[in-house]
């Protein structure tokens, strides 16, 4: 029971972890990307489109191609979304909140549109988008997991994308704290004018960090649809997870390594209502409120304690125009 | 796409902030952006569906304003969106990024719906309506006040705070949807008082949406005057321009933040009331339907001018209704409208750059291209 609870919590948490790691990279560069929910949708649907076209065209599904094609198409989709955001906010100095929200409207619409119309557009005769074969390839667990009993189930039963999420989060956190490039990026997020004066190419860093952030966030969408949902796309099933990923960024006080544990906690809070006995429907709805309440509490506490290292990047949300100094 | 300046000694072009721009020029740039967006959207539709873009636009216009009923629906849609946009505007002008309008409107709607459920047989219709108005306004205002207090006292990030408040409001609505669901356990409330129509806005001249539209029109003018010609409005814009200036000239910034957010939330509450009592006659988690977020774009695109906001919300609602017509006509998913809206907004946001900045090219023989 407890093992299966943790296992489900991790599976719920992984998309959030991807989303929050991506958003942390973006925010460290000083850009509040509220388009993350849309980007995650696009990441998911692009992977689905790739896999769908491949499954429709191939006679037999080659497991390696079945993983690589959706992976690449998902990354391409989220990269394009990231680029739209970059061009508008970095090159054209437009308002980040407005651009991000427009990106979310667009991305969610894009996901639901193709999710609902893909079959008609490709004149296919399948009744629904169920990429069971592809999903199987994604979900291949480690071979020795079953032999290890509950330890195996707890630690080794996930798919490669789940481990990748954790590795990416650790790498990103090392990148921020231990490398010169990470330091540069943080400097830009705190004060782009100073970073510029120090000879750092602000725009290039911002472009790269935002695009990489988008790609990582998009993988969260891919994980959700291929792994968690067994390759079955249904519109709006992804729900508010993108916003929850942004919440997780605050919860983790802009540290990807903290957000590994945070994502599992959020995942647990998301499914807690299933594991508490004798809950009525309305009480379940109240329990589902928990992740958001916790986030607000964290937000309040960090602003009240006002510790320097726990604050959002100082120039978060402001666009940088060199000649305005 | 334009490229940032290269590392050579003299860049190909550089960007200068414009001091001002003639009105006609800025309108021209915006019109150009919308036109370009429509062309891109038309091409996209063509590639997806293989339909003649002109047919598609004809369907779109017909879908938005083809019949008298559609025109009423169009204006009703504009009224709802405009009302939420009006609500977020004072806060935005103050540079308080209230992205919680969705939740604030939902709380207003929830309060109205609960009054309808609980007091329909206890109070007389007129008193009930009064109670509904008061409770929705208060609930919307309270939902906005909470983040405002923390912002004023501890400078808590309001964007993220108000965002989270949306989902708490959603869960509260879904809690009450189960609590009062008809039939029990279905999770949806259904039309409240469908036979007695107690707590519904009355029809005027046989038009069920006319009262909604009138309320929003009045609100628009009040807010225009409030922002442009009142002391409060002036204080809001000073705080928005520079908090330090505001402190220096003796404006109590905390008080302005809290007062403005109460106003913002209260108007959201009215929007919620209109959605419940004047439109849906029920409450569900999707009653506000993302308008809280779209409103931010509407308000920003109109440069926080309530009269201009009518035009921007007209544009967005028109596209929405038109795109819905396309998708039902050609049997596509209705989210098509979100894609079109997204594209148009990208273009308009992008065009702002050319209004605020001008590009100076290096004097050279080479033909330089900016885009």
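Chains as they are written, first to last, in the numbering used here: chain A, 265 to 589; chain B, 9 to 379. All C-beta atoms, glycine included, are put in the ideal place defined by N, C-alpha and C.
Original post:
Does any C-beta atom of chain B lie closer than 8 Å to the C-beta of residue 556 of chain A?
Top reply: Yes, its Cβ sits closer than 8 Å to a Cβ of chain B.
Original post:
Sorted by chain position, which residues of the same chain lie with C-beta nearer than 6 Å to residue 120 of chain B's C-beta, five sequence neighbours on each side aside?
Top reply: Its chain contains 140, 144, 281, 284, 285 as the residues whose beta carbon lies nearer than 6 Å to that of residue 120 of chain B, once the 5 sequence neighbours on both sides are disregarded; these appear in chain order.
Subject >> Cβ-based neighbour list, residue 118 of chain B, same chain, cut-off 6 Å, excluding 5 preceding and 5 following >> reply: If we look at residue 118 of chain B and ignore the five residues flanking it on each side, its Cβ neighbours are 181, 291.
Subject >> Residue-level contact to chain B via CB, residue 568 of chain A, 8 Å cutoff >> reply: True, the Cβ-Cβ gap to chain B drops below 8 Å.
**OP:** Compare the Cα-Cα distances from residue 424 of chain A to each of A:437, A:486, A:284 and report the closest residue.
**Re:** The candidate whose alpha carbon is nearest that of residue 424 of chain A is A:486.
Original post:
Given 8 Å as the limit, is there contact between the stretch 339-350 of chain A and the stretch 462-482 of chain A, that is, 3 or more CB pairs closer than that?
Top reply: With a cut-off of 8 Å, the stretch 462-482 of chain A and the stretch 339-350 of chain A count as touching, because enough Cβ pairs lie within range.
Original post:
Excluding sequence positions up to five away, which residues of its chain have a Cβ less than 8 Å from the Cβ of residue 540 of chain A?
Top reply: For residue 540 of chain A, where only same-chain residues beyond five positions count, the Cβ hits under 8 Å are 551.
**OP:** In the DSSP assignment, find the alpha helix (DSSP H) that holds residue 402 of chain A and state where it starts and stops.
**Re:** Start and end: 396-403.
**OP:** Could you pull out every residue in the same chain whose Cβ sits closer than 8 Å to the Cβ of residue 375 of chain B, ignoring the five residues on either side in sequence?
**Re:** Legend: pLDDT at residue 375 of chain B = 49, less than 50; position of this residue unreliable, no value from coordinates given.
**OP:** Verify whether the separation of the beta carbon atoms of residue 307 of chain B and residue 67 of chain B is less than 8 Å.
**Re:** Between residue 307 of chain B and residue 67 of chain B, the C-beta spacing is not below 8 Å.
**OP:** Note down, one range per segment and in chain order, each alpha helix (DSSP H) of at least 4 residues found wholly within the stretch 291-321 of chain B.
**Re:** Qualifying alpha helix (DSSP H) stretches, in chain order: 299-309.
Original post:
Looking at the C-beta of residue 583 of chain A, does it have a partner C-beta in chain B at a distance below 8 Å?
Top reply: The C-beta of residue 583 of chain A comes no closer than 8 Å to any C-beta of chain B.
Subject >> Those runs of the alpha helix (DSSP H) which lie wholly inside the stretch 110-192 of chain B and span at least 4 residues >> reply: Qualifying alpha helix (DSSP H) stretches, in chain order: 133-162, 166-187.
Subject >> Residue nearest to residue 490 of chain A in terms of C-alpha spacing, selected from A:285, A:554, A:396, A:298 >> reply: Measuring from the Cα of residue 490 of chain A, the nearest candidate turns out to be A:396.
Original post:
Can you pull the DSSP bridge partners for residue 358 of chain A?
Top reply: None, per the DSSP bridge assignment.
**OP:** Identify whether residue 225 of chain B lies in helix, strand or coil by the three-state DSSP scheme.
**Re:** It is helical.
**OP:** Report, in whole angstroms, the separation of the C-beta atoms of residue 301 of chain A and residue 371 of chain A, which I expect to be a contact under 8 Å.
**Re:** By a beta-carbon distance limit of 8 Å, residue 301 of chain A contacts residue 371 of chain A. Their separation comes to about 7 Å.
**OP:** Figure out for me which residue from A:403, A:506, A:315 has the closest Cα to the Cα of residue 298 of chain A.
**Re:** Of the candidates A:403, A:506, A:315, the residue whose Cα lies closest to the Cα of residue 298 of chain A is A:506.
**OP:** Report, in whole angstroms, the separation of the C-beta atoms of residue 4 of chain B and residue 201 of chain B, which I expect to be a contact under 8 Å.
**Re:** Since the first residue of chain B shown is 9 and the last is 379, residue 4 of chain B is not available in this structure.
Subject >> Residue(s) in a DSSP beta bridge with residue 366 of chain B >> reply: The beta-bridge partner set that DSSP reports for residue 366 of chain B consists of B:24.
Original post:
For residue 354 of chain B versus residue 356 of chain A, is the C-beta distance shorter than 8 Å?
Top reply: No; because the gap between Cβ atoms is not below 8 Å, this pair is not in contact.
Original post:
Considering only residues of the same chain and omitting the five flanking positions on each side of residue 188 of chain B, which have a CB-CB separation below 6 Å?
Top reply: Closer than 6 Å at the Cβ level, and outside the excluded window around residue 188 of chain B, lie 125, 197.
Original post:
Going by C-alpha distance, which of B:309, B:111, B:205, B:310 is nearest residue 134 of chain B?
Top reply: Of all alpha-carbon atoms in B:309, B:111, B:205, B:310, the one lying nearest the alpha-carbon of residue 134 of chain B is that of B:205.
Subject >> Boundaries (first-last residue) of the alpha helix (DSSP H) holding residue 62 of chain B >> reply: Per DSSP, residue 62 of chain B is one residue of the alpha helix (DSSP H) stretching across 61-73.
Subject >> Check whether residue 543 of chain A and residue 526 of chain A have beta carbons under 8 Å apart >> reply: The Cβ atoms of residue 543 of chain A and residue 526 of chain A lie no closer than 8 Å to each other.
Subject >> Backbone CA spacing between residue 304 of chain A and residue 341 of chain A [nearest angstrom] >> reply: Put simply, the backbone Cα of residue 304 of chain A is about 10 Å away from that of residue 341 of chain A.
Subject >> Beta-carbon contacts of residue 365 of chain B that lie in its chain and below 7 Å, excluding the five residues immediately before and after >> reply: Closer than 7 Å at Cβ, skipping near neighbours: 23, 24, 25, 26.
**OP:** To the nearest angstrom, report how far apart residue 272 of chain B and residue 278 of chain B are at their CA atoms.
**Re:** Residue 272 of chain B and residue 278 of chain B: Cα-Cα distance of roughly 10 Å.
**OP:** Give every residue of the same chain whose Cβ lies closer than 7 Å to the Cβ of residue 585 of chain A, excluding the five residues on either side of it in the sequence, and list them in chain order.
**Re:** If we look at residue 585 of chain A and ignore the five residues flanking it on each side, its Cβ neighbours are 357.
Subject >> Three-state class that DSSP yields for residue 452 of chain A in the structure shown >> reply: For residue 452 of chain A, the three-state secondary structure derived from DSSP is helix.
Subject >> chain A within 8 Å of residue 34 of chain B, Cβ atoms only >> reply: At least 8 Å separates the CB of residue 34 of chain B from every CB of chain A.
Original post:
Any beta-carbon of chain A closer than 8 Å to the one on residue 369 of chain B?
Top reply: Closer than 8 Å to the CB of residue 369 of chain B there is not a single CB belonging to chain A.
Original post:
Should residue 38 of chain B be labelled buried (16 or more other beta-carbon atoms within 10 Å of its own) or exposed?
Top reply: Counting every other CB atom within 10 Å of its CB across the protein chains shown gives residue 38 of chain B a total of 16 or more, marking it as buried.
Original post:
CB residue 90 of chain B to CB residue 228 of chain B, shorter than 8 Å?
Top reply: Cβ atoms of residue 90 of chain B and residue 228 of chain B: closer than 8 Å.
**OP:** Report yes or no: is there a C-beta of chain A within less than 8 Å of the C-beta of residue 10 of chain B?
**Re:** At residue 10 of chain B, the pLDDT of 44 sits below 50, so the modelled position is not reliable; the number obtained from the coordinates is stated separately. Yes - at least one Cβ of chain A is within 8 Å of the one on residue 10 of chain B.
Original post:
Checking contacts by CB at 8 Å: is residue 147 of chain B closer than that to chain A?
Top reply: It does not; no Cβ of chain A falls within 8 Å.
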